[in-house]
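Written below as structure tokens is the structure these notes are about.
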Amino acid sequence: MSDKLIISVDAQIAALVPRFLANRAADAGKVRAALANADFEAIRLTAHGMKGAGGGYGFPEISRLGASMEESARQRDAAAISVLVARLEEYLARIEVKPDPGQGSTG
Amino acid sequence: MRIALLEDEQDQADLVCAWLKAAGHSCHAYALGKDLMRAAQRESFDMFLLDWQVPGMSGAEVLVWIRANIAEPVPVLFVTARQREEDIVHALSGGADDYMVKPLGKRELLARIDALARRARPGPRADEGVLEYGRLSVDCSRRQVSLDGAVVTMTQKDYELALFLLRNVGRLLSRAHILEAVWGQSAEINTRTVDTHVSRIRGKLQLTPENGWSLTAVYQHGYRLERLAAAAP
Numbered sequence: 017m018s019d020k021l022i023i024s025v026d027a028q029i030a031a032l033v034p035r036f037l038a039n040r041a042a043d044a045g046k047v048r049a050a051l052a053n054a055d056f057e058a059i060r061l062t063a064h065g066m067k068g069a070g071g072g073y074g075f076p077e078i079s080r081l082g083a084s085m086e087e088s089a090r091q092r093d094a095a096a097i098s099v100l101v102a103r104l105e106e107y108l109a110r111i112e113v114k115p116d117p118g119q120g121s122t123g
Numbered sequence: 287m288r289i290a291l292l293e294d295e296q297d298q299a300d301l302v303c304a305w306l307k308a309a310g311h312s313c314h315a316y317a318l319g320k321d322l323m324r325a326a327q328r329e330s331f332d333m334f335l336l337d338w339q340v341p342g343m344s345g346a347e348v349l350v351w352i353r354a355n356i357a358e359p360v361p362v363l364f365v366t367a368r369q370r371e372e373d374i375v376h377a378l379s380g381g382a383d384d385y386m387v388k389p390l391g392k393r394e395l396l397a398r399i400d401a402l403a404r405r406a407r408p409g410p411r412a413d414e415g416v417l418e419y420g421r422l423s424v425d426c427s428r429r430q431v432s433l434d435g436a437v438v439t440m441t442q443k444d445y446e447l448a449l450f451l452l453r454n455v456g457r458l459l460s461r462a463h464i465l466e467a468v469w470g471q472s473a474e475i476n477t478r479t480v481d482t483h484v485s486r487i488r489g490k491l492q493l494t495p496e497n498g499w500s501l502t503a504v505y506q507h508g509y510r511l512e513r514l515a516a517a518a519p
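Okay, here's the thing in structure tokens:
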């Protein structure tokens, strides 16, 4: 499970990707802290942001995890959120980014 | 084009601005509606991209403000995660020209922006053929302006400025907008440079009331080139 995932990203936005990924790692920490306080609205908002931006940066998995987490927050399902945040952390740990000039014109 | 973006998610704003810049547009991002409104009072933009859910004033409220306070029909594209039919209807009936649901795709976003721009400013593209403006004609392939058939000698920057003003007849254009369009967003040029060049092309192209044109400075804002109806051929 620790194999690296090589993700090709649009070269036009490659410089933005490290900060985007660092912010998602911070999101995981925020979700864990909110979970400890049963603050499901904070989790929903964080997950909503993940859902919105993940695909555009070339990480549809982050959008999928965000969407699932948002729905779980609506249902106040702490167990499901714990699983999802662990998946997010594992996914982030495996990512290796490769800028792809060919994506510049195709999105 | 000069585009104002209302988006409170920094990652999303950075992404959209990167796409817009790579496509040749300039992007000015605002996290709060009040900041965008303040900018729109002193600056001109070719298009607004509004996120619905932002802190404080919502994108929908900013849209109402834009339609009530900006005289020109600047295109507005809503960009948001809301996708219920009633939300879409609300945005479009409130004055938005188009609507996109997140997550955004780069190609679709740029295609919709181009389509909105074509609808807002119909006519030939600025890089195609010869554009006619009464006694003036602009040959875009040769990058020349002629007055009564005689080519007017001018620098490339003067040509670009003349073309930009002629393509935007009737619009109040801020100095910063003109600077970005002619010299580029990163150019370190004083806005007084704009005044100098405007003055020069006013003389060279005879953009004066007796020739059917009014090129006026608007205090603390910029310039507006207008066609005077009585003198138009």
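Protein sequences appear in the order of chains E and L. The opening residue of the first sequence carries number 17 in this note's numbering; numbering runs sequentially from there. The opening residue of the second sequence carries number 287 in this note's numbering; numbering runs sequentially from there. Cβ coordinates follow ideal geometry from the N, Cα and C atoms, glycine included. Here the structure is a predicted model, which means the values were calculated and not measured.
What residue range is occupied by the uninterrupted beta strand (DSSP E) comprising E:E112? I111 to D116
Quick check on E:E112: buried or exposed, where buried means 16 or more other Cβ atoms within 10 Å of its Cβ? exposed
Using a Cβ-Cβ cutoff of 9 Å, what residues of the segment 58-84 of chain E are near chain L? List them in chain order. H64, G65, K67, G68, A69, G70, G71, G72, Y73, P76 and S79
The alpha helix (DSSP H) with L:D332 in it runs from where to where? That residue, L:D332, is in no alpha helix (DSSP H); it is neither H nor E in DSSP.
Can you list, in chain order, the residues of the segment 305-323 of chain L whose Cβ is nearer than 8 Å to any Cβ on chain E? W305 and A308
Residue-chain proximity (E:D26, chain L), Cβ-Cβ < 9 Å: yes
Under 7 Å Cβ-Cβ, which residues of chain L neighbour E:I29? L301 and A304
Does DSSP classify L:S379 as helix, strand or coil? helix
Below-9 Å beta-carbon distance, L:L363 vs any chain E residue: no
Compare the C-beta of L:L390 against all C-beta atoms of chain E and say whether one is closer than 9 Å. yes
Suppose the cutoff is 6 Å on Cβ atoms and the five residues either side in sequence are ignored; what does the same chain contact list for E:S121 look like? Low confidence applies to E:S121: its pLDDT is 40, below 50, so where it sits in the model is not reliable enough to give any reading.
Flag E:F36 as yes if its beta-carbon sits less than 9 Å from any beta-carbon of chain L, otherwise no. yes
Among the residues of its own chain, which have a CB less than 8 Å from the CB of L:E394, if the five just before and after it don't count? M386
Under 9 Å between C-beta atoms, does L:A518 make it to chain E? Its pLDDT being 48, under 50, L:A518 is placed unreliably in this model, and the coordinates cannot settle the point.
Going by DSSP, what residue range makes up the alpha helix (DSSP H) through L:S485? T477 to K490
Closest to E:A63 by CA distance: which of L:G310, L:A367, L:E293 and L:E446 is it? L:A367
DSSP state of E:T62, grouped into three classes? helix
Just to confirm the assignment, what range does the beta strand (DSSP E) spanning L:M386 have? D384 to V387
What is the rounded straight-line gap between the Cα of L:A518 and the Cα of L:G498? Low confidence applies to L:A518: its pLDDT is 48, below 50, so where it sits in the model is not reliable, and the reading given next is rough at best. Computed Cα separation, rounded: 6 Å.
Using a Cβ-Cβ cut-off of 8 Å (strictly less than) and excluding sequence neighbours within five positions of L:D444, which residues of its own chain qualify? H483, R486, I487 and K490
With which residues is L:F521 paired in a DSSP beta bridge? This structure does not reach residue 521 of chain L, given that chain L is present from 287 up to 519, and the question cannot be answered.
By DSSP, does L:S500 sit in helix, in strand, or in coil? strand
Write down the C-beta distance between L:A397 and L:M333 rounded to the nearest angstrom, noting that I regard them as a contact closer than 8 Å. Going by Cβ atoms, the distance from L:A397 to L:M333 rounds to 14 Å, so no, they are not a contact pair.
For L:A367, would you say it is in contact with chain E, using Cβ-to-Cβ distances shorter than 9 Å as the test? yes
When we look at the beta-carbon of L:K320 and count the other beta-carbons within 10 Å, is it buried (16 or more) or exposed? exposed
Backbone CA spacing between L:R407 and L:E474 [nearest angstrom]: 29 Å
Can you tell me the Cβ-Cβ gap for L:Q364 and L:A377, rounded? I've got them flagged as a contact below 8 Å. Per the sequence shown, the amino acid found at residue 364 of chain L is Phe instead of Gln. About 5 Å separates the two Cβ atoms, so the contact holds.
9 Å Cβ cutoff met for L:R370 and L:Q506: no
Can you round the beta-carbon distance between L:E358 and E:G68 to whole angstroms, since I take them to be within the 8 Å contact cut? Their Cβ separation, rounded to whole angstroms, is 30 Å, which puts L:E358 and E:G68 out of contact at 8 Å.
So who's on the other strand from E:G82, going by DSSP bridges? In DSSP, E:G82 forms no bridge with anything.
Would DSSP call E:L21 helix, strand or coil? strand
With 9 Å set as the bound, which would you pick, yes or no: does the beta-carbon of L:D297 sit closer than that to a beta-carbon of chain E? yes
I need the boundaries of the beta strand (DSSP E) containing L:E474, first residue and last residue. Note, L:E474: premise wrong, no beta strand (DSSP E); not H, not E.
When the Cα atoms are used, what is the spatial distance from L:S432 to L:L422? 6 Å
For E:D26 and L:R510, the rounded distance between their alpha carbons: 39 Å
Hey, how far is the Cα of E:A31 from the Cα of E:L100? 27 Å
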